[in-house]
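To start, the structure under review is shown below, and the notes come after it.
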Amino acid sequence: DGGITQSPKYLFRKEGQNVTLSCEQNLNHDAMYWYRQDPGQGLRLIYYSQIVNDFQKGDIAEGYSVSREKKESFPLTVTSAQKNPTAFYLCATKGQGDEKLFFGSGTQLSVL
Amino acid sequence: GQQVMQIPQYQHVQEGEDFTTYCNSSTTLSNIQWYKQRPGGHPVFLIQLVKSGEVKKQKRLTFQFGEAKKNSSLHITATQTTDVGTYFCAAGGKLIFGQGTELSVKP
Numbered sequence: 202d203g204g205i206t207q208s209p210k211y212l213f214r215k216e217g218q219n220v221t222l223s224c225e226q227n228l229n230h231d232a233m234y235w236y237r238q239d240p241g242q243g244l245r246l247i248y249y250s251q252i253v254n255d256f257q258k259g260d261i262a263e264g265y266s267v268s269r270e271k272k273e274s275f276p277l278t279v280t281s282a283q284k285n286p287t288a289f290y291l292c293a294t295k296g297q298g299d300e301k302l303f304f305g306s307g308t309q310l311s312v313l
Numbered sequence: 097g098q099q100v101m102q103i104p105q106y107q108h109v110q111e112g113e114d115f116t117t118y119c120n121s122s123t124t125l126s127n128i129q130w131y132k133q134r135p136g137g138h139p140v141f142l143i144q145l146v147k148s149g150e151v152k153k154q155k156r157l158t159f160q161f162g163e164a165k166k167n168s169s170l171h172i173t174a175t176q177t178t179d180v181g182t183y184f185c186a187a188g189g190k191l192i193f194g195q196g197t198e199l200s201v202k203p
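From first to last, the protein sequence lines are chains A and B. Going left to right, the first sequence walks through residues 202 to 313 as this note's numbering numbers them. Going left to right, the second sequence walks through residues 97 to 203 as this note's numbering numbers them.
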């Protein structure tokens with residue numbers, strides 16, 4: 202959706218390297234989410250944040266970290282502890298009183 | 097934790113044929129949402145169902161929520177090439193996603 206910007210579109214990680222995926226929104230939504238998508242496995246929740254300066258682990262948080270210092274931004278760091286990072290990463294937001302998710306266009310992360 | 101099973105994983109149809117994907121849970125769901133992801137794109141919200149036995153229609157798409165609120169279906173009548181993509185259900189307050197059904201349509 203136009204109000205959610207994910208960058209970069211493609212990212213390559215070397216062994217032992219941490220990389221950060223950016224997610225910025227101008228929808229004024231409180232809640233933000235990070236999902237990982239692997240072929241044939243649907244979307245799995247990594248981390249989510251309901252308000253600024255607060256976030257919770259999702260189902261597959263190991264090897265990832267996040268921060269939520271601003272309402273507009275929810276960056277995801279894929280650390281070297283994540284041994285199988287190759288996937289399509291999707292950021293999503295949800296507005297207060299609204300149940301549906303709005304997704305960004307995603308970042309494809311690959312390992313060199 | 098809560099799991100949502102979606103079947104089939106793939107469906108190949110001839111243009112004009114109907115298509116159905118099913119979403120099942122072992123626990124009662126508070127709600128269920130459906131999303132469509134075009135090839136190379138991102139998921140886009142289609143609809144949310146909340147009530148037991150609810151049926152909603154969007155043109156050629158019909159969405160149903162089971163009486164026990166443990167299953168849901170998406171039916172497309174007379175598929176078109178524009179229907180190509182992966183259809184996901186997502187359920188509950190934490191929006192647990194099913195594995196998706198990838199639909200291909202042969203012209």
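In this text, a Cβ means the ideal position worked out from N, Cα and C, and glycines have one as well.
Within 8 angstroms, strictly: CB atoms of residue i and residue j
i	j	result
B/K132	B/L142	yes
B/V109	B/C185	no
B/T173	B/V201	no
B/E198	B/Y118	no
A/Q297	A/K210	no
A/A288	A/D239	yes
Cut-off 7 angstroms between Cβ atoms - residues of its own chain near residue i, not counting five sequence neighbours on either side
i	result
A/S281	G217, Q218 and N219
A/V161	Nothing about residue 161 of chain A can be reported from this structure: the residues present for chain A run from 202 to 313 only.
Close-in-space but distant-in-sequence residues of the same chain around residue i (CB under 6 angstroms, 5 per side omitted)
i	result
B/N167	N120
A/G264	T280, A282 and Q283
Residue i to residue j span [Cα, whole Å]
i	j	result
B/S148	B/D114	24 angstroms
A/G204	A/S223	14 angstroms
A/L291	A/K271	19 angstroms
B/Q160	B/K153	9 angstroms
A/M233	A/V279	17 angstroms
B/K190	B/G181	24 angstroms
A/W235	A/G241	18 angstroms
A/Q283	A/A262	9 angstroms
A/D202	B/G162	Residue placement at A/D202 is poorly supported in this model, since its pLDDT is 47, which falls under 50; the coordinates still yield a value, given next. Near 31 angstroms, if we compare the C-alpha coordinates of B/G162 and A/D202.
B/N127	A/T206	28 angstroms
For residue i: DSSP bridge partner residues
i	result
A/D255	A/I252
A/H230	DSSP output for A/H230 lists no bridge partner at all.
>> For the region 217 to 239 of chain A, list every residue whose C-beta sits within 7 angstroms of some C-beta in chain E, in sequence order.
In response: In the displayed structure, chain E is absent; the protein chains listed are A and B.
>> Tell me which residues of the region 154 to 176 of chain B have at least one Cβ-Cβ distance to chain A shorter than 7 angstroms, keeping chain order.
In response: The residues in question: there are none.
> Just by C-beta distance, which residues in the region 279 to 303 of chain A are closer than 7 angstroms to chain B?
Replying inline: So the close ones are L291, E300, K301 and L302.
> What residues in the region 100 to 113 of chain B have a beta carbon less than 7 angstroms from any beta carbon of chain A?
Replying inline: Taking 7 angstroms as the Cβ-Cβ cut-off against chain A, the residues of the region 100 to 113 of chain B that qualify are Q105.
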